[in-house]
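S.K.:
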Amino acid sequence: MGPEQRQEALGAAIHQHPLLGGLPNDLQVRLIERARLRELAPGEAITREGSAGTRFYILLEGSARVSRARPDGGQERIGRLRPGAIFGAMSLCDGSPRAATIAATAPSLCLELPGELLHGAPRTLDGRLALALRELLATSFSEQLRAANRRLYFLSRQLEGAEDAANETVDPEAVWLPPE
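Under this note's numbering, the first residue of the sequence shown carries the number 53, and numbering increases by one thereafter.
1) Determine, using beta carbons only, whether residue 115 and residue 158 come nearer to each other than 7 angstroms.
2) Please report how far the alpha carbon of residue 140 lies from the alpha carbon of residue 215, in whole angstroms.
3) Could you spell out where the alpha helix (DSSP H) holding residue 60 opens and where it closes?
4) Looking only at DSSP bridge pairs, what is residue 162 linked to?
5) Could you give the residue range of the beta strand (DSSP E) that holds residue 143?
6) Helix or strand or just coil, what does DSSP make of residue 71?
7) So, does the stretch 122-136 touch the stretch 72-81, judging by three or more C-beta pairs under 8 angstroms?
8) Using 8 angstroms as the threshold, is the stretch 54-68 in touch with the stretch 166-176, meaning 3 or more CB pairs across them?
9) In the DSSP output, what is residue 117 paired with across the bridge?
10) With a 10 Å radius around its C-beta and 16 neighbouring C-beta atoms as the bar for buried, classify residue 200 as buried or exposed.
11) Within its chain, find whatever has a CB closer than 7 angstroms to the CB of residue 91; leave out the 5 residues flanking it on each side and keep chain order.
12) At a cut of 8 angstroms, does the stretch 95-105 reach the stretch 137-154 through at least three beta carbon pairs?
13) Put residue 106 into one of helix, strand or coil per three-state DSSP.
14) Quick check on this structure: which residue in 152, 134 and 203 has the alpha carbon closest to the alpha carbon of residue 102?
Below, the structure is given as structure tokens:
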């Protein structure tokens with residue numbers, strides 16, 4: 053794909069995204085100027101756990117696996133990303149290293165955004181874009197937190213059920229054992 057086709061594809065991706073497509077035209081144009089499309093092969097890492105974050109991403113096509121390192125050196129899957137997912141921004145917000153490795157599980161396409169887009173001077177085009185992107189991230193973080201709360205609730209209910217089963221007392225007279 054040539055540079056002109058990439059710019060057209062980038063513009064189409066931004067325009068079609070449920071959140072980015074709602075941005076005013078001047079902000080979409082600025083985003084097109086600063087963002088880039090990144091094609092990924094299955095297994096290709098987008099972010100690596102422990103690395104410094106300088107960019108954030110929006111998955112446009114394909115899917116990705118979110119994993120963390122296990123003590124034995126392997127990787128444990130902790131999540132999956134689908135098109136529309138925004139990721140890689142937490143480290144930009146708090147300066148912490150990346151919390152997980154994210155790798156494509158199918159041929160994928162991402163919108164790659166430089167972290168400095170989140171910091172623009174107020175009342176400028178870049179400042180307006182930064183504010184819009186921070187609002188987008190707030191929405192994304194809220195959705196992620198709600199999903200994590202649902203998973204936590206589900207797991208806590210499972211744990212309570214397991215604890216209840218472990219604490220049940222059994223009447224030895226009521227248990228039939230076959231003769232030896």
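Note that the Cβ used here is the ideal one computed from N, Cα and C, for glycine as well.
M.R.: Based on what the coordinates show:
1) Yes.
2) Each residue's Cα considered, the two are about 36 angstroms apart.
3) Residues 55-68.
4) Residue 162 is bridged by DSSP to 90 and 111.
5) Unbroken run through residue 143 is the alpha helix (DSSP H), 142-146; no beta strand (DSSP E).
6) Three-state result, residue 71: coil.
7) These segments do not touch.
8) No, they do not touch.
9) The partner list for residue 117 (beta bridge, DSSP) reads 132 and 155.
10) It is exposed - the Cβ of residue 200 has fewer than 16 other Cβ atoms within 10 Å.
11) Result list for residue 91: 161, in chain order.
12) Touching, per the Cβ criterion.
13) The answer is coil: DSSP assigns residue 106 none of H, G, I, E or B.
14) Selected option, being the one with the closest Cα: 152.
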